[in-house]
Amino acid sequence: MTLARVTTLLHDDGRGDGMDGGAMMAGAAMAGPAARDSNGALAITSVIPPQDPVGDVPVKPLKAYPRYRVSVEEYVTFRRQGYLIVKGLVPQEDVDELVRHSEDLMYGRVEAPGLEAAPADASPRELERRFLRIHMLHRVLEVHERFLLHPRVLDVLEALIGPDVMAMQSMFFLKFPGGDGQGYHQDSYYIPTAPDTLCGAWLAVDRADEQNGCMYFTVGSQNEPIYPTEGRERINHGDALGDLSVVENVSHTDAAVNTLSRVAARYPDQEVAAIMEPGDVAFFGGHVLHRSHRNHSTDRFRRSFVGHYANARSFTQWGYGDGDPAGTNHKHILARGDTHLPFGLPRFGTACAANTPSLRGVGGGAGAPMMATMADGDMLTTAPMDAERNDPAAHDHEE
Ligand SMILES: O=C(O)CCC(=O)C(=O)O
197 MTLARVTTLL
207 HDDGRGDGMD
217 GGAMMAGAAM
227 AGPAARDSNG
237 ALAITSVIPP
247 QDPVGDVPVK
257 PLKAYPRYRV
267 SVEEYVTFRR
277 QGYLIVKGLV
287 PQEDVDELVR
297 HSEDLMYGRV
307 EAPGLEAAPA
317 DASPRELERR
327 FLRIHMLHRV
337 LEVHERFLLH
347 PRVLDVLEAL
357 IGPDVMAMQS
367 MFFLKFPGGD
377 GQGYHQDSYY
387 IPTAPDTLCG
397 AWLAVDRADE
407 QNGCMYFTVG
417 SQNEPIYPTE
427 GRERINHGDA
437 LGDLSVVENV
447 SHTDAAVNTL
457 SRVAARYPDQ
467 EVAAIMEPGD
477 VAFFGGHVLH
487 RSHRNHSTDR
497 FRRSFVGHYA
507 NARSFTQWGY
517 GDGDPAGTNH
527 KHILARGDTH
537 LPFGLPRFGT
547 ACAANTPSLR
557 GVGGGAGAPM
567 MATMADGDML
577 TTAPMDAERN
587 DPAAHDHEE
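Residue numbers (this note's numbering): 197 to 595.
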């Protein structure tokens, strides 16, 4: 089946996206002047606003990577824990490129529309503390688009939430020494999709550990619903869950005011520090409670590149001003597989399913193979009517 509508990534009404991570909490800014966090450190979250449409962009061929095949054990681990760390998924030379790029950003050697320029009189220390994190740089910088669509990351997403994968958000964390963390939150609260298939992919650029503010996941909490704050009660679950309580101050680092901590408390001793080496990627579903603490080191950054993705057949109204009743799928990039929904194209031409028809359905993601599977097997016709064939014990004898 082909697509109803294909467009380039378009501009919107100029509001910030419904950003993951409580970016609008204290200290956040829209690529604006630096704010101070609760400890007085300079800490800004910049959000690159939507960009004007671009014309035809030539497709950039992919660097060749060996395909990563997810094992059944990894798949089960992702479901059982709510997250999965794939060690060494992204090659060191790619990570090195991000390290160099992060320094170019910090020291003002790279400029980008929507990104605050480096003040000429700033000291190196001040420059290094200008950005805690920057959202949506893939809208303006080719390197970020390339990492958002990194084939090895998509290989894993294809198995975990695919086969059809839509790339929605990019975040680049610089998290300098002393940089603040982010309290308990659930990503699907910020980026709702229906069906809810959201998944983050957190690529470690530096080693991340307890000292420099690594991620923590609460195992078991992936089975919780999304807890709304006041005014957002119907966004994720409608009114289907009768006793769903409202929480307050999600993402706040003070667990005493962030009442999601009460949900976390149902999983005593189940919070795991995600200690990661450069090139490791943590995949985590949209419901799992997670957080990170301040970077307590005096001389270590904790850089990471994070993409957020959903199954490309999930409808979304997220981003680009939110709330468009027609949805915003046409603004998000079809990374793998295919979809019956509209989709966006990568602005810089990074090869992916959206701009390379031959990549559609890579790994079996296209609509046609799915239909073929149904037609090939007789399960749709015979099995539901045949009680014996539906009995697993009977199967043992049959084969
Ligand atoms: O890296 C961090 O400190 C927080 C990241 C996060 O919560 C996310 O990517 O959803």
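Here a beta-carbon is modelled for each residue, glycine too, at the ideal position from N, C-alpha and C. Given the structure is predicted, the values throughout are model-derived calculations rather than measurements.
Between Ala404 and Ile281 a beta carbon distance of about 11 Å is seen, past the 8 Å cut, so the two are scored as non-contacting.
In chain order, Asp208, Pro246, Thr524, Lys527 place their CB closer than 6 Å to the CB of Tyr516, counting only its own chain and leaving out the 5 sequence neighbours on each side. For Tyr380, the uninterrupted beta strand (DSSP E) segment begins and ends at 378 to 381.
Ile244 and Met362 do not touch by the CB rule: their CB atoms are close to 19 Å apart, not below 8 Å. In this structure, His381 and Val446 form a Cβ contact; the two beta carbons are roughly 5 Å apart against a cut-off of 8 Å.
For Ile357, no pairing in a beta bridge is given by DSSP. Checking the 8 Å criterion, the Cβ of Asp300 is out of range of every heavy atom belonging to ligand 1. Positions of the alpha helix (DSSP H) runs, each at least 4 residues long and wholly inside the region 416 to 482, are given as 456 to 460 in order along the chain. The beta carbons of Leu311 and Ser242 sit closer together than 9 Å. The C-alpha of Leu285 lies about 7 Å from the C-alpha of Val349. Thr512 sits in coil when the DSSP states are folded into three classes, being neither helix nor strand. Between Tyr271 and Leu356, the C-beta gap is smaller than 9 Å, which places the two residues in contact. When rounded, the separation of the alpha-carbon atoms in Glu426 and Pro474 is 39 Å. Within the same chain, and ignoring the five residues on either side of Leu344 in sequence, the residues whose Cβ sits closer than 6 Å to its Cβ are His334, Ala363, Ser366, Gly503.
Straight through space, the alpha carbons of His489 and Arg458 are spaced by roughly 18 Å. DSSP, reduced to helix, strand and coil, places Val243 within a strand of the structure shown.
Contact between Ser500 and Trp398 is confirmed by a C-beta separation of about 6 Å, below the 8 Å threshold. Under a 10 Å Cβ-count criterion, Pro320 is classified as exposed, with fewer than 16 other Cβ atoms of the shown protein chains found around its own Cβ. A straight-line Cα-Cα distance of about 40 Å links Val295 and Val442. Note that the C-beta distance between Ala478 and Ala400 is below 9 Å. Just measuring C-alpha positions, the residue of Gly396, Val255, Ile387, Cys410 sitting nearest Arg428 is Ile387.
The beta carbon of Gln466 lies closer than 7 Å to those of Thr414, Val415, Gly416 in the same chain, with the five residues before and after it left out. The beta carbon of Arg326 is closer than 6 Å to none in its chain, skipping five residues each way along the sequence. In the three-state reduction of the DSSP assignment, Tyr261 falls in the coil class, being assigned neither a helical nor a strand state.
For Thr535, there is no enclosing alpha helix (DSSP H), as DSSP marks it with neither H nor E.
Shortest gap from the CB of Val352 to any heavy atom of ligand 1: 8 Å or more. For Thr552, the closest C-alpha among the options Gly251, Pro249, Lys256, Val250 is that of Lys256. Burial is judged here by how many other beta carbons sit within 10 angstroms of a residue's own beta carbon; Asp450 has fewer than 16 and is exposed. If you look at Met411, you'll find it in the beta strand (DSSP E) that goes 411 to 414. Residue state for Met367 is assigned as strand, using DSSP reduced to three classes. Nearest neighbour of Asp292 by Cα position, chosen from Asp402, His448, Met411, Pro542, turns out to be Asp402.
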